[in-house]
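Keeping their order, the protein sequence lines are chains A and B. Taking the working numbering, the leading residue of the first sequence gets 1, the next gets one more, and so forth. Taking the working numbering, the leading residue of the second sequence gets 1001, the next gets one more, and so forth. The C-beta atom is built at its ideal place from N, Cα and C for all residues, glycine as well.
2 protein chains.
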Amino acid sequence: MNSLRTDNIPPPRKIETTLEYMHKLFIMPNSSDRFIEFGDLLLDMIHDFFQQKGGIHSEIPLKKLAKIFNNIDIPQNQMLIRDVLQEIKGNIINHSVKVANPYYIGHMTSAIPYFMILLEMIAVSLNQNQVKIESAKASTFVEREFLCWMHRLVYQNPSQFYKKNIQNHRFALGNITSDGTVANMTALALAVAKAFPPDGKRFEGIRNEGLPRSLEYYGYRQALVLVSRRGHYSICKIGSILGIGSKGVVFSPVHPYTNKADIDKLWQTIEKIRKEDKRVGKPSRFLALVGIAGTTETGNIDNLDAMAGVARELNAHYHVDAAWGGGALLMENGRELFTGIDKADSVSLDAHKLLFSPNAMGICLFKNIDDSLKLYHTSNYIIRKGSVDLGRFTLEGPRPFACLKPWAAMKIIGRRGYELIFLHACGLQDIFITLIKNDPQFELLNTPELFIINYRFVPKELREMLDRLMLDPRANAEKITQINNVVNEINVELHKKIRVRDTSFVSRTRLESTRYSPRKIVVLRAITINPNTEPHMLEQILVEHRLLGEQIWQDRNLLRKTLHICNKLIDV
Amino acid sequence: MNSLRTDNIPPPRKIETTLEYMHKLFIMPNSSDRFIEFGDLLLDMIHDFFQQKGGIHSEIPLKKLAKIFNNIDIPQNQMLIRDVLQEIKGNIINHSVKVANPYYIGHMTSAIPYFMILLEMIAVSLNQNQVKIESAKASTFVEREFLCWMHRLVYQNPSQFYKKNIQNHRFALGNITSDGTVANMTALALAVAKAFPPDGKRFEGIRNEGLPRSLEYYGYRQALVLVSRRGHYSICKIGSILGIGSKGVVFSPVHPYTNKADIDKLWQTIEKIRKEDKRVGKPSRFLALVGIAGTTETGNIDNLDAMAGVARELNAHYHVDAAWGGGALLMENGRELFTGIDKADSVSLDAHKLLFSPNAMGICLFKNIDDSLKLYHTSNYIIRKGSVDLGRFTLEGPRPFACLKPWAAMKIIGRRGYELIFLHACGLQDIFITLIKNDPQFELLNTPELFIINYRFVPKELREMLDRLMLDPRANAEKITQINNVVNEINVELHKKIRVRDTSFVSRTRLESTRYSPRKIVVLRAITINPNTEPHMLEQILVEHRLLGEQIWQDRNLLRKTLHICNKLIDV
Chain A
1 MNSLRTDNIP
11 PPRKIETTLE
21 YMHKLFIMPN
31 SSDRFIEFGD
41 LLLDMIHDFF
51 QQKGGIHSEI
61 PLKKLAKIFN
71 NIDIPQNQML
81 IRDVLQEIKG
91 NIINHSVKVA
101 NPYYIGHMTS
111 AIPYFMILLE
121 MIAVSLNQNQ
131 VKIESAKAST
141 FVEREFLCWM
151 HRLVYQNPSQ
161 FYKKNIQNHR
171 FALGNITSDG
181 TVANMTALAL
191 AVAKAFPPDG
201 KRFEGIRNEG
211 LPRSLEYYGY
221 RQALVLVSRR
231 GHYSICKIGS
241 ILGIGSKGVV
251 FSPVHPYTNK
261 ADIDKLWQTI
271 EKIRKEDKRV
281 GKPSRFLALV
291 GIAGTTETGN
301 IDNLDAMAGV
311 ARELNAHYHV
321 DAAWGGGALL
331 MENGRELFTG
341 IDKADSVSLD
351 AHKLLFSPNA
361 MGICLFKNID
371 DSLKLYHTSN
381 YIIRKGSVDL
391 GRFTLEGPRP
401 FACLKPWAAM
411 KIIGRRGYEL
421 IFLHACGLQD
431 IFITLIKNDP
441 QFELLNTPEL
451 FIINYRFVPK
461 ELREMLDRLM
471 LDPRANAEKI
481 TQINNVVNEI
491 NVELHKKIRV
501 RDTSFVSRTR
511 LESTRYSPRK
521 IVVLRAITIN
531 PNTEPHMLEQ
541 ILVEHRLLGE
551 QIWQDRNLLR
561 KTLHICNKLI
571 DV
Chain B
1001 MNSLRTDNIP
1011 PPRKIETTLE
1021 YMHKLFIMPN
1031 SSDRFIEFGD
1041 LLLDMIHDFF
1051 QQKGGIHSEI
1061 PLKKLAKIFN
1071 NIDIPQNQML
1081 IRDVLQEIKG
1091 NIINHSVKVA
1101 NPYYIGHMTS
1111 AIPYFMILLE
1121 MIAVSLNQNQ
1131 VKIESAKAST
1141 FVEREFLCWM
1151 HRLVYQNPSQ
1161 FYKKNIQNHR
1171 FALGNITSDG
1181 TVANMTALAL
1191 AVAKAFPPDG
1201 KRFEGIRNEG
1211 LPRSLEYYGY
1221 RQALVLVSRR
1231 GHYSICKIGS
1241 ILGIGSKGVV
1251 FSPVHPYTNK
1261 ADIDKLWQTI
1271 EKIRKEDKRV
1281 GKPSRFLALV
1291 GIAGTTETGN
1301 IDNLDAMAGV
1311 ARELNAHYHV
1321 DAAWGGGALL
1331 MENGRELFTG
1341 IDKADSVSLD
1351 AHKLLFSPNA
1361 MGICLFKNID
1371 DSLKLYHTSN
1381 YIIRKGSVDL
1391 GRFTLEGPRP
1401 FACLKPWAAM
1411 KIIGRRGYEL
1421 IFLHACGLQD
1431 IFITLIKNDP
1441 QFELLNTPEL
1451 FIINYRFVPK
1461 ELREMLDRLM
1471 LDPRANAEKI
1481 TQINNVVNEI
1491 NVELHKKIRV
1501 RDTSFVSRTR
1511 LESTRYSPRK
1521 IVVLRAITIN
1531 PNTEPHMLEQ
1541 ILVEHRLLGE
1551 QIWQDRNLLR
1561 KTLHICNKLI
1571 DV
């Protein structure tokens, strides 16, 4: 039974610390049978966890959790494994977020197939370190095979190319990384290396010389990365890390509604920079243009083909951040959404998103395998020159055998299986859109392509006013802003209430790219990828949100606060 | 039974792809009982794997593995989980490196406690994403508690400090990272941020402005990181990433034998840079000085206290890379080795090394918690300003609940248990050193402190010559070099033979810091941390290496090649 709660964990039993006991804890040729015994116990415990009903986030207040995990000292004495597992059950499992819950549609973390747990057991048992063949034998080859699959999925080169390179250790078709941020960092580090190559004379390339000397040597005033306003926050963070600074990441506007990079405005942005270049008398170097295949806030895909053209004209590395959307390439008729992705010099994908692997694993693919050599590095004691070690190409050092999970998932689910999963997600997306559109108190605020829906609750009265005012948005600008401020407040409040109620979960963000642009609009954000989410659940979720929203609207304070606006607007 | 081999995996059974089948694969409230069934099967399979006798690396040639993992297409159709697990057993598990084998003493990847597998099962089942509280409730607090333990282990602040900050969400005591490289990168990104802060006027700080503008604004000609020649190869890689280039990482000499940074020579290095600064008319900015607490090649610890003094004089961030050695702070009488570590502004540790967690997890601790704010970043849709999200401080985005493993290990093993493990490792180290010293055909080439022993096979005849020649190294320089070249070749060959024989494993590297300095000497590298390695195994390993070495020495070709040297030396 699942009755164990935080407060009735039995006190741990004392045990004597001996080396013999320590020996038994470690994996060895005559491995302990306790492993099987505890394994069985744990399988039951995990099984229980998934069968638990109740809230998504557990009711415990954060303050109480802070008190539970409040021991400032490393435990001196050993505890029995059984006791620690009970403590984990009571204090951690019971108070973890049920991200697999089909009503949890707020983040990209969704349900994972249960076989992922089995695969992780294998990966951790083998404990291979992918950095070098000496500690990762078969797994090195599995990683290359998996990278080949992903490369082919994205770039669709002739089979001859893949036959030649699938296990070609002189290059890398791509890198497996700890997450999408490191995948993007890999791509942009490559862009940097390509922009300032060694010239065979005095200059050894930026990886040796550094950014300031490179700019000087090549005569540039600055190095820039271009991406749309929907670019993932990691791009900015990476800009800081790579030394170009967040100011070196230039965000250009998107089309309202579609959230796709506005190519005209992108050129305007570029022209503005060039104008400044002329004034200063030194050009800027465009390191990379980043296209987005699945914006994390709105699930939209840039016009990847048009972006490729821009990158070419700028002589910039073209990176496509498909961390969110990349997996959807497995949909046979989804490919057209991604037209042009094969023109990207590098593409990043996340396995823990649309490949349904556990947190976290990123992938960075290189169109030209020669590019992998631009990230090449070696060391004396591992990843030696001329070795077959994967670590020669990666930004990271030691890495787990994470790719086992998506590799095996491709076999167990199969391409057709993924197709069904995505068809289900598409279906949910369409249903949710319809439900929102048909409800006068909800407003749809994006044009979803990849399973992310932005919407908000708008009290009927305000909605009607807004619609009327929007017939002449310029004349009514001030009033539109005022009402939206109120609606923003309502939706922040609504999001909090949803969290407290805890029977469903959506996230929230703030977008400048709605029909009210450039006003920043608070939106709720739903992601419909959990295969166990059913249409009737989406209905339930919206009903609940509507009820909560109406309650807030009826709240006197808010009413009073908005009354004078209403009065002023009554004659619109 | 464990008879399944690569070549007799049964052909996969065909199954029909339906959405219903897909549903059943995913975790859900009425989760499938198949999970328990497969879990049991897998526990047995893993148990078998650890009981297998035989070679460490599996005999299969790399070329044959390349042919197994040679399918260039993503599988179209689903396969039964059972069939995929059998394939994994035959093709992957059977051909993985047995890093837990007590005769595998060549890399830092060792045996892990079996309960780590159980903990990983829990972590992956919960599938929390540590980036934000909305997808990581209890686990956010566990991470902070664990970071508090590590911080206290390193910095030993008064308990009042930890009581106040253990769950203080406004700061981070440190970051959990995917590995030590990212931990070091976190530290050096912090160093960069501190070196060029915003000045409240025109300059917004390097994270916004970038490195070139920062140098210009503050009037520096370059930014540098200082580390000894034993610095981990990641420091150089990070130099490239951060934009200072590998030339921005200055390696200063170490003392021969001890492999500790030579402080006098460090100052000489600095003075040389300053002299050049004067010539150029612009100073260099020393971003960081990196002390090493456990060099990865030789297991030595810099004089951390003296290094702290240098960093202070340079006004540089003082980082201690304790990725290898940090865990040894758990030894009560090991602390004196680390004297001065508490003066480091940041310290990195790896959980997958001396905390015996699986691959991979790094930790970066901040002495001054205010420093964590210098890495602070937010985003609209997650890690919002004022939130309690861990992701506000990390270089990475999504992160798994990796800290569960070392956190629980601290409870299950306890500080006393770790002490016993380290005492065992110290004992093995001493025994191995004695065995090498007592064998006329082996030469010890470092002064091990933290479980890493460098040695080489030297045929008796050559050893005697070398010893005589080394009485006057300057006069005999040429001859010493020639003999060492031969011994280097023998040891490269020996290492290959050890790999082929496959009953034991040590790694090899090349060191300039032996008594033959500055000659680069090929050394074998043994790491004695596996709790299941016993003294008699070390004896066996050396006997085997000696036999293999003697075989090589007797090999005619090599003999001929060295004959003329011998002839010339016969009268030494």
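The region 289 to 308 of chain A / the region 369 to 377 of chain A touching (three or more Cβ pairs under 8 Å): Between the region 289 to 308 of chain A and the region 369 to 377 of chain A there are fewer than three C-beta pairs closer than 8 Å, too few to call the two in contact.
Chain-order list of residues whose beta-carbon lies under 8 Å from that of residue 1580 (chain B) (same chain, five-residue window excluded): No information on residue 1580 (chain B) is available, as it lies outside the stretch 1001 to 1572 that chain B covers here.
Rounded separation between residue 211 (chain A) and residue 1370 (chain B) - CA only: Residue mapping note: residue 211 (chain A) aligns to position 211 of the first sequence, counting from 1. Residue mapping note: residue 1370 (chain B) aligns to position 370 of the second sequence, counting from 1. Roughly 28 Å separates the two Cα atoms.
Counted within 10 angstroms of its Cβ, other Cβ atoms place residue 1389 (chain B) as buried (16 or more) or exposed: Position 389 of the second sequence holds residue 1389 (chain B). Burial check for residue 1389 (chain B): the Cβ neighbour count within 10 Å reaches 16 or more, so the residue is buried.
Short CB-CB distance (under 8 Å) between residue 1447 (chain B) and chain D: Of the protein chains in the structure, A and B, none is chain D.
Chain A within 8 Å of residue 1510 (chain B), Cβ atoms only: The residue you call residue 1510 (chain B) lines up with position 510 of the second sequence. Answer yes: the Cβ-Cβ gap between residue 1510 (chain B) and chain A drops below 8 Å somewhere.
Span separating the alpha-carbon of residue 352 (chain A) from that of residue 184 (chain A): Your numbering for residue 352 (chain A) matches position 352 in the first sequence. Your numbering for residue 184 (chain A) matches position 184 in the first sequence. Cα to Cα, the separation comes out at about 15 Å.
Option nearest residue 406 (chain A) by Cα separation, candidates A:489, A:357, A:162: Here residue 406 (chain A) refers to the residue found at position 406 when the first sequence is read from its first residue. Considering only alpha carbons, the answer is A:357.
Member of A:336, A:237, A:454, A:206 whose CA lies at the smallest distance from the CA of residue 514 (chain A): Along the first sequence, one-based indexing puts residue 514 (chain A) at 514. For residue 514 (chain A), the closest of A:336, A:237, A:454, A:206 by C-alpha to C-alpha distance is A:454.
Where residue 1248 (chain B) meets chain A, residues with beta-carbon distance less than 7 Å: Position 248 of the second sequence holds residue 1248 (chain B). Counting only Cβ-Cβ distances below 7 Å, residue 1248 (chain B) has contacts in chain A at 210, in chain order.
Contact list for residue 1179 (chain B) against chain A, beta-carbon separation under 8 Å: Sequence index remark: in the second sequence, residue 1179 (chain B) carries index 179 (1-based). Simply 178, 396, 397, 398, 399.
C-beta neighbour in chain A for residue 1553 (chain B), strict 8 Å: The residue labelled residue 1553 (chain B) in the question sits at position 553 within the second sequence. No, its Cβ sits nowhere closer than 8 Å to a Cβ of chain A.
Neighbourhood of residue 277 (chain A) by C-beta, 8 Å cutoff - its chain only, sequence neighbours within 5 removed: Walking along the first sequence from the start, residue 277 (chain A) turns up at place 277. Within the same chain, residue 277 (chain A) has close Cβ partners 221, 283, 284.
Beta-bridge pairing of residue 293 (chain A) - partner residues as DSSP gives them: Numbered from 1 along the first sequence, position 293 holds the residue referred to as residue 293 (chain A). Partner residues in the beta bridge of residue 293 (chain A), as assigned by DSSP, are A:301.
Test item: CB-CB of residue 1503 (chain B) and residue 1103 (chain B) under 8 Å: Reading the second sequence from its first residue, position 503 is the one you call residue 1503 (chain B). Reading the second sequence from its first residue, position 103 is the one you call residue 1103 (chain B). Result yes, Cβ atoms of residue 1503 (chain B) and residue 1103 (chain B) sit closer than 8 Å.
Extent of the continuous alpha helix (DSSP H) run through residue 159 (chain A): Position 159 of the first sequence, counted from the first residue, corresponds to residue 159 (chain A). Segment 159 to 165, the alpha helix (DSSP H) holding residue 159 (chain A).
Closest Cα partner of residue 1417 (chain B) within the set A:498, A:51, A:16: Sequence index remark: in the second sequence, residue 1417 (chain B) carries index 417 (1-based). Residue 1417 (chain B) has its Cα closest to that of A:16, out of A:498, A:51, A:16.
Rounded C-alpha distance that separates residue 241 (chain A) from residue 550 (chain A): On the first sequence, position 241 is the one that residue 241 (chain A) refers to. On the first sequence, position 550 is the one that residue 550 (chain A) refers to. For residue 241 (chain A) and residue 550 (chain A), the gap between their C-alpha atoms comes out near 45 Å.
Beta-carbon separation (whole angstroms), residue 1235 (chain B) vs residue 1249 (chain B), contact threshold 8 Å: On the second sequence, position 235 is the one that residue 1235 (chain B) refers to. On the second sequence, position 249 is the one that residue 1249 (chain B) refers to. Indeed, because the Cβ distance is near 6 Å, the residues count as touching under 8 Å.
Nearest candidate by alpha-carbon position, reference residue 21 (chain A), set B:1542, B:1544, B:1531: Along the first sequence, read from residue 1 onward, the residue named residue 21 (chain A) stands at position 21. Checking every option, the nearest Cα to that of residue 21 (chain A) belongs to B:1531.
Entirely enclosed beta strand (DSSP E) segments - the region 426 to 499 of chain A, minimum 3 residues: Taking only runs of at least 3 residues, the beta strand (DSSP E) segments lying wholly in the region 426 to 499 of chain A are 442 to 444, 452 to 457.
Limits of the alpha helix (DSSP H) - the one that residue 1124 (chain B) falls within: For the purposes of this step, residue 1124 (chain B) is identified with residue 124 of the second sequence, where counting begins at 1. Note, residue 1124 (chain B): alpha helix (DSSP H), 1115 to 1126.
Selection of the region 1141 to 1156 of chain B by Cβ proximity to chain A, strictly under 8 Å: Along the region 1141 to 1156 of chain B, going in chain order, the ones with a CB nearer than 8 Å to a CB of chain A are 1141, 1142, 1144, 1145, 1148, 1149, 1152, 1153.
Span of the beta strand (DSSP E) around residue 1054 (chain B): Walking along the second sequence from the start, residue 1054 (chain B) turns up at place 54. Secondary structure note for residue 1054 (chain B): it is in no beta strand (DSSP E), with a DSSP letter that is neither H nor E.
Selection from B:1252, B:1269, B:1195 that minimises the alpha carbon distance to residue 1261 (chain B): Taking the first residue of the second sequence as position 1, residue 1261 (chain B) is located at position 261. Selection B:1252, B:1269, B:1195 evaluated against residue 1261 (chain B) yields B:1252 as nearest (Cα-Cα).
Element boundaries [alpha helix (DSSP H), containing residue 1186 (chain B)]: Stepping through the second sequence from its first residue, residue 1186 (chain B) is reached at position 186. It spans 1180 to 1195 - the alpha helix (DSSP H) in which residue 1186 (chain B) sits, taken as one unbroken run.
Amino acids of chain B, ordered along the chain, whose beta-carbon sits closer than 7 Å to that of residue 518 (chain A): The residue you call residue 518 (chain A) lines up with position 518 of the first sequence. Per Cβ cutoff of 7 Å: no residues; residue 518 (chain A) is ~15 Å from chain B at best.
Under 8 Å by beta carbon: chain B residues contacting residue 379 (chain A): Here residue 379 (chain A) corresponds to residue number 379 of the first sequence, with the count starting at 1. Within 8 Å Cβ-Cβ: 1233.
Under the three-state DSSP convention, the category residue 948 (chain B) falls into: Because chain B spans 1001 through 1572 in this model, residue 948 (chain B) falls outside it and cannot be assessed.
Residue 1241 (chain B) - containing alpha helix (DSSP H), residue span: As a working mapping, residue 1241 (chain B) is identified with position 241 in the second sequence. Per DSSP, residue 1241 (chain B) belongs to the alpha helix (DSSP H) from 1233 to 1242.
Limits of the beta strand (DSSP E) - the one that residue 1138 (chain B) falls within: Reading the second sequence from its first residue, position 138 is the one you call residue 1138 (chain B). Per DSSP, residue 1138 (chain B) is not a residue of any beta strand (DSSP E); the alpha helix (DSSP H) it occupies stretches across 1138 to 1155.
Residue 433 (chain A) versus residue 214 (chain A): straight-line alpha-carbon distance, rounded: Counting from 1 along the first sequence, the entry for residue 433 (chain A) is found at position 433. Counting from 1 along the first sequence, the entry for residue 214 (chain A) is found at position 214. Pairing residue 433 (chain A) with residue 214 (chain A), the inter-Cα distance amounts to about 50 Å.
Residue 523 (chain A) versus residue 201 (chain A) - alpha carbon distance: Mapped onto the first sequence, residue 523 (chain A) falls at position 523. Mapped onto the first sequence, residue 201 (chain A) falls at position 201. Each residue's Cα considered, the two are about 55 Å apart.
Backbone CA spacing between residue 1006 (chain B) and residue 216 (chain A) [nearest angstrom]: The sequence position of residue 1006 (chain B) within the second sequence is 6, counting from 1. The sequence position of residue 216 (chain A) within the first sequence is 216, counting from 1. Residue placement at residue 1006 (chain B) cannot be trusted, given a pLDDT of 48 that sits under 50; what the coordinates show is reported in the next sentence. The straight-line gap from Cα to Cα measures roughly 56 Å.
CA-to-CA distance, residue 1012 (chain B) to residue 1155 (chain B), given in whole angstroms: Your numbering for residue 1155 (chain B) matches position 155 in the second sequence. Your numbering for residue 1012 (chain B) matches position 12 in the second sequence. Rounded to the nearest angstrom, the two C-alpha atoms are 56 Å apart.
Beta-carbon spacing of residue 107 (chain A), residue 60 (chain A) below 8 Å: The sequence position of residue 107 (chain A) within the first sequence is 107, counting from 1. The sequence position of residue 60 (chain A) within the first sequence is 60, counting from 1. Not a contact, by the Cβ cut-off of 8 Å.
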